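Report on the following structure.
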Amino acid sequence: MNFTLKIWRQKDAKSKGAFETYKVENISADTSFLEMLDILNNDLVHQGKEPVAFDHDCREGICGMCSLHIDGQAHGPSKGATTCQIYMRKFKDGATITIEPWRSAAFPVIKDLVVNRSAYDQILQAGGFISVRTNSVPDANAIPIPKKDADESMDAAACIGCGACAATCKNGSAMLFVAARVSSLAKLPQGRVEATRRAKAMVAKMDELGFGNCTNTGACQAECPKQISITHIARLNREFLSAKFKD
Amino acid sequence: MSCFLSNSSLGKKLVMSVTGCFLVLFILFHMSMNVTAIISPEGYNAICEFLGANWYALAGTVVLAAGVLIHFIYAIILTLRNYKARGSQRYAVTVQEEGVAWASKNMLVLGFIVLAGLLLHLFNFWSKMQLVEIMGQHTNSLGYSPADGAALIRYTFSQWYYVVIYLVWFAALWFHLTHGVWSMFQSVGWANDTWYPRLKCIANIVATIIFLGFAAVVLVYFFCPCIAGAC
Numbered sequence: 066m067n068f069t070l071k072i073w074r075q076k077d078a079k080s081k082g083a084f085e086t087y088k089v090e091n092i093s094a095d096t097s098f099l100e101m102l103d104i105l106n107n108d109l110v111h112q113g114k115e116p117v118a119f120d121h122d123c124r125e126g127i128c129g130m131c132s133l134h135i136d137g138q139a140h141g142p143s144k145g146a147t148t149c150q151i152y153m154r155k156f157k158d159g160a161t162i163t164i165e166p167w168r169s170a171a172f173p174v175i176k177d178l179v180v181n182r183s184a185y186d187q188i189l190q191a192g193g194f195i196s197v198r199t200n201s202v203p204d205a206n207a208i209p210i211p212k213k214d215a216d217e218s219m220d221a222a223a224c225i226g227c228g229a230c231a232a233t234c235k236n237g238s239a240m241l242f243v244a245a246r247v248s249s250l251a252k253l254p255q256g257r258v259e260a261t262r263r264a265k266a267m268v269a270k271m272d273e274l275g276f277g278n279c280t281n282t283g284a285c286q287a288e289c290p291k292q293i294s295i296t297h298i299a300r301l302n303r304e305f306l307s308a309k310f311k312d
Numbered sequence: 054m055s056c057f058l059s060n061s062s063l064g065k066k067l068v069m070s071v072t073g074c075f076l077v078l079f080i081l082f083h084m085s086m087n088v089t090a091i092i093s094p095e096g097y098n099a100i101c102e103f104l105g106a107n108w109y110a111l112a113g114t115v116v117l118a119a120g121v122l123i124h125f126i127y128a129i130i131l132t133l134r135n136y137k138a139r140g141s142q143r144y145a146v147t148v149q150e151e152g153v154a155w156a157s158k159n160m161l162v163l164g165f166i167v168l169a170g171l172l173l174h175l176f177n178f179w180s181k182m183q184l185v186e187i188m189g190q191h192t193n194s195l196g197y198s199p200a201d202g203a204a205l206i207r208y209t210f211s212q213w214y215y216v217v218i219y220l221v222w223f224a225a226l227w228f229h230l231t232h233g234v235w236s237m238f239q240s241v242g243w244a245n246d247t248w249y250p251r252l253k254c255i256a257n258i259v260a261t262i263i264f265l266g267f268a269a270v271v272l273v274y275f276f277c278p279c280i281a282g283a284c
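Line by line, the protein sequences give chains A and B. Just so you know, we're using the working numbering here: the first sequence kicks off at 66 and counts up by one. Just so you know, we're using the working numbering here: the second sequence kicks off at 54 and counts up by one.
Structure below.
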């Protein structure tokens with residue numbers, strides 16, 4: 066398969082970027098999207114040109130490192146998949162593919178397709194944890210948890226913090242990410258203890274870092290590679306508002 | 054508490070939700086009153102007489118104006134923040150995400166159309182009804198009694214361009230409500246995956262009832278004023 070790639074190139078955070086066009090040829094249909102970029106970079110290196118910088122790590126959809134806005138969609142055209150999980154057979158032979166970095170004020174571009182997502186780390190540090198004294202491993206069945214709660218918690222915990230939600234949201238809102246963290250911990254007895262403090266602290270940090278406001282469009286859940294539902298945003302709203310009214 | 058309603062993103066959304074809920078309830082009430090004008094113009098005028106510029110109607114008007122103003126100001130504040138959060142560099146290619154309603158992404162534009170329609174409506178009706186009574190006058194600029202609402206409806210919607218403008222206004226309101234009504238439940242956290250389809254269905258029903266109620270009055274008075282007893 067042959068493709069024309071329109072890729073955002075930007076030397077560094079301060080430089081002004083622009084699209085550059087590249088051709089990739091003889092790509093197998095079973096090549097993954099990131100492998101296709103590896104092949105392009107290999108060609109660029111051989112030509113003595115600067116390779117395209119892009120984030121990647123596990124390449125099996127669990128680390129949340131890969132990003133990329135491909136043909137107008139976060140993580141490309143596959144539903145419930147990260148960029149590393151899409152294959153070139155998803156695209157038409159001869160297609161022109163536009164590849165952009167995440168666009169959100171809180172995720173500044175560092176170089177080419179790489180953005181700084183440390184804002185999510187800062188939100189996590191504000192409250193996305195439980196405070197426990199470490200000791201020997203507790204008995205797995207010491208605290209019974211209803212199946213429904215465990216399932217809901219696990220659904221929210223599937224969040225890999227890739228940033229697709231904020232990158233897709235027309236308001237640059239990080240609500241789905243924050244909600245997933247708050248929800249996954251609030252549904253378990255271990256996390257319930259600090260649930261109100263956590264909701265307040267994480268929302269305050271999210272606001273401080275300049276993320277936008279949720280307008281309930283649902284674009285985040287449509288593009289989330291882990292298909293996390295906005296039902297968790299409703300829970301975050303409940304947790305936060307009830308905490309504030311108790312203050 | 055006053056702090057989080059103005060400082061926090063979720064607090065501001067709560068204000069949008071509560072004021073929005075209040076405005077939806079008012080619109081339902083207003084629409085119910087208007088429909089009376091089709092069934093009985095005399096009955097409608099009796100309502101106009103009852104409300105007029107009495108203290109309870111004036112208090113209601115002040116609260117309503119405050120509701121509209123707060124909803125509008127908060128919408129501007131939230132949108133400006135969202136615009137900034139999106140960043141200066143936008144995507145070159147965008148698609149409509151699956152399951153995302155057009156209205157949900159255009160609430161501000163729809164809100165502006167609704168507001169523009171509201172201002173026209175205040176000029177067409179309020180300034181010739183309640184305002185006339187507040188000023189202590191007994192006839193409005195058209196020579197009608199300020200309580201003769203039916204005559205005012207008949208006069209306004211005998212002009213085709215007002216019919217068109219008002220229908221566009223109601224259509225914008227319909228779109229605004231199809232997102233707004235279910236969204237106000239989400240913003241206060243009263244929603245989940247089971248209830249999303251139900252809430253969206255309720256939102257569509259409420260928006261459609263409001264649209265049909267208002268549009269019926271306009272269309273009946275334009276096409277067959279005799280049905281409304283105006284012959």
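The beta-carbon is built from N, C-alpha and C at its ideal position, and this holds for glycine as well. Computed from a predicted structure; not experimentally measured.
Open item on the list: Run through chain B and tell me which residues come within less than 8 Å of T296(A), C-beta to C-beta.
Closed with: A244, N245, D246 and Y249
Open item on the list: So G73(B) contacts chain A; which residues on that side make the cut at Cβ distance below 9 Å?
Closed with: Those within 9 Å of G73(B) in chain A number zero; the least Cβ separation is about 12 Å.
TODO: Please go through the same chain and pick out, in chain order, the residues whose beta-carbon is closer than 8 Å to the beta-carbon of V88(B), but skip the five residues on each side of it.
DONE: G266, A269 and V270
Open item on the list: Please state the DSSP three-state secondary structure of M54(B).
Closed with: Unreliable positioning characterises M54(B) in this predicted model, as indicated by a pLDDT of 49, which lies under 50. A coordinate reading is not provided.
Task: Span separating the alpha-carbon of A224(B) from that of V217(B) - done: 11 Å
Task: alpha helix (DSSP H) segments (min. 4 residues) lying fully within the segment 205-269 of chain B - done: 213-240
Open item on the list: Taking its Cβ as the centre, do 16 or more other Cβ atoms sit within 10 Å of A28(A), making it buried, or is it exposed?
Closed with: Outside the shown range of chain A, which is 66 to 312, sits residue 28(A), and nothing can be said about it.
TODO: Could you tell me whether the segment 56-68 of chain B touches the segment 270-279 of chain A, using the rule of 3 or more Cβ pairs below 8 Å?
DONE: yes
Task: chain A contacts made by the segment 57-70 of chain B, where a contact means CB separation under 8 Å - done: F57, N60, S61, S62, L63, G64, K65, K66 and L67
TODO: Check the Cβ-Cβ distances between R300(A) and every residue of chain B, and say whether any is below 8 Å.
DONE: yes
Open item on the list: Just to confirm before moving on: does the CB-CB distance between G120(B) and T72(B) stay below 8 Å?
Closed with: The answer is yes: Cβ separation under 8 Å.
Task: Contact residues within the segment 170-199 of chain A, judged by C-beta distance below 9 Å to chain B - done: A170, A171, F172, P173 and V174
- [ ] Could you spell out the range, first to last residue, of the beta strand (DSSP E) harbouring V89(A)?
- [x] A83 to V89
TODO: Within its chain, find whatever has a CB closer than 7 Å to the CB of F75(B); leave out the 5 residues flanking it on each side and keep chain order.
DONE: G120
Task: Within chain B, partners of R168(A) - CB distance below 8 Å - done: R139, G140, Q142, R143 and Y144
TODO: For A110(B), I'd like the list of residues in its chain whose CB is within less than 6 Å of its CB, leaving aside the five on either flank, ordered along the chain.
DONE: So the qualifying residues of the chain are L104.
Task: Straight-line Cα distance separating C224(A) from S157(B) - done: 24 Å
Open item on the list: I want to know whether the segment 163-183 of chain A touches the segment 138-154 of chain B - three or more CB-CB distances under 8 Å.
Closed with: Short answer: they touch.
- [ ] Give me the Cβ distance between A264(A) and F310(A), rounded to the nearest whole Å; I'm assuming they're in contact under 8 Å.
- [x] Not confirmed; about 12 Å, so no contact.
Task: alpha helix (DSSP H) runs contained entirely in the segment 179-253 of chain A, provided each spans 4 or more residues - done: Counting whole runs of 4 or more residues, the segment 179-253 of chain A contains the alpha helix (DSSP H) stretches 183-192, 212-222, 229-233 and 240-251.
Open item on the list: I want to know whether the segment 220-235 of chain A touches the segment 244-254 of chain A - three or more CB-CB distances under 8 Å.
Closed with: Touching, yes.
Open item on the list: Assuming L67(B) and V241(B) are in contact, meaning their beta carbons sit under 8 Å apart, how far apart are those beta carbons, in whole angstroms?
Closed with: Contact flag correct, Cβ pair sits at about 6 Å.
Open item on the list: At a CB distance below 9 Å, what residues from the segment 268-290 of chain A approach chain B? Give them in sequence order.
Closed with: V268, A269, M271, D272, G275, F276, G277, N278, C279, T280, N281, T282, G283, A284, C285, Q286, A287 and E288
- [ ] Please classify I129(B): is it buried, with 16 or more other beta-carbons within 10 angstroms of its beta-carbon, or exposed?
- [x] By the 10 Å Cβ count, I129(B) comes out exposed.
TODO: Just the chain A side, please: which residues come within less than 9 Å of N135(B) by C-beta, in chain order?
DONE: C234, K235, N236, G237, S238, G277, N278 and T280
Task: Straight-line Cα distance separating S236(B) from P250(B) - done: 12 Å
TODO: Could you tell me whether any Cβ in chain B is nearer than 8 Å to the Cβ of Q150(A)?
DONE: no
Open item on the list: Run through chain A and tell me which residues come within less than 7 Å of T231(B), C-beta to C-beta.
Closed with: Near T231(B) there are no residues of chain A at all, since even the closest Cβ is about 12 Å away, more than 7 Å.
TODO: Using the DSSP secondary-structure output, state which residues sit across from T326(A) in a beta bridge.
DONE: With chain A covering 66 to 312 only, the question about residue 326(A) has no answer from this structure.
Open item on the list: Can you pull out the residues from the segment 151-162 of chain B whose beta carbon lies closer than 7 Å to at least one beta carbon of chain A?
Closed with: E151, G152, V153, S157, K158 and M160
Open item on the list: Can you tell me which residues form a DSSP beta bridge with Q138(A)?
Closed with: I135(A)
Task: Classification of T296(A) by the beta-carbon crowding that lies within 10 angstroms, buried from 16 upward - done: buried
- [ ] Helix, strand or coil for S169(A), going by three-state DSSP, please let me know.
- [x] strand
TODO: Measure from the alpha carbon of A178(A) to the alpha carbon of each residue in K71(A), Q150(A), T96(A) and Q112(A), then state which is nearest.
DONE: Residue 178(A) is actually Leu in this sequence, not Ala. Put simply, of K71(A), Q150(A), T96(A) and Q112(A) the residue whose alpha carbon is nearest the alpha carbon of L178(A) is K71(A).
- [ ] Would you kindly work out how many angstroms separate the C-alpha atoms of K81(A) and W222(B), rounded to a whole number?
- [x] 43 Å
TODO: State the Cα-Cα distance for the pair A231(A) and S238(A), rounded to the nearest angstrom.
DONE: 5 Å
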